[in-house]
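J.: Each step along the sequence shown adds one to the number in full-length UniProt numbering, with nothing skipped, and position 19 is 19. Quick reminder that beta carbons are idealized off the backbone N, C-alpha and C, glycines included.
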Amino acid sequence: MRIYFVRHGETSVNQRGVYAGLTDYGLNEQGIAQGERLASAIGQQPFDVAVASGLCRTQQTVELISPGLRCESIEALNEIDFGEWEDRHYQEIALNDAENYEKWCADWLSVAPPAGESFEHFSARVSTAFNDWLVQAERQSLQTVLFVGHQGTLRCILLSLLNMPPKAFWHFTFSHGAYSVVDIHQGHAVIRQLNVDA
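This is how it looks when you write it as structure tokens:
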């Protein structure tokens, strides 16, 4: 199976540099242009299906890349929940919620933002959802899949596929409107392309 992993196009929230996990923003003009470039770069692939999170920025990106392609929406693949830090810039949080922010920075794996989700919970949620989907995809003998997700979600999936520790999370980047290609055969993942700018 070949999976084209794509980070959704840019949103106004991404442009402002604030935390945006479960906040459901659509694509901005730049994000739409990125989706259109992705369509030119990979839209001709014979995708069997698309997979996206439950948030509209991923689903909009799917529709731009391959209009009319059947899309499975999986809410467990949503970005991390930043809780009370949603739609806020880290500098403002560090100033106005210093104690919680310092705790989170010191132990980002297990400490959650107020009313939010810890990385450990997020990573387990995403890995479980992806692995459950992968079992079904292999049973269906899917060959080529378009998978549109979020930066954090895609990092967690790649760590899971490569059996890497959580602290390796920061060693990968997925840019808006870029794609990566991973082949999976009998449980073994091989990266063919990583973070290619369309």
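1. If you run the structure through DSSP and keep just helix, strand and coil, what is residue 142?
2. For residue 77 versus residue 166, is the C-beta spacing smaller than 7 Å?
3. Could you give the distance in angstroms between the alpha-carbon of residue 37 and the alpha-carbon of residue 99?
4. Under a Cβ-count criterion, where at least 16 other Cβ atoms within 10 Å of its own Cβ denotes burial, should residue 132 be classed as buried or exposed?
5. Determine which residues share a DSSP beta bridge with residue 71 and list them.
6. Helix or strand or just coil, what does DSSP make of residue 26?
7. What would DSSP say about residue 91, mapped onto helix, strand or coil?
T.: Let's see:
1. DSSP, reduced to helix, strand and coil, places residue 142 outside both helices and strands of the structure shown, so it counts as coil.
2. Between residue 77 and residue 166, the C-beta spacing is not below 7 Å.
3. Linking residue 37 to residue 99 through their CA atoms gives a straight-line distance of about 43 Å.
4. Result: exposed.
5. Residue 71 is bridged to 50.
6. Reduced to three states, the DSSP call for residue 26 is coil.
7. Helix at residue 91.
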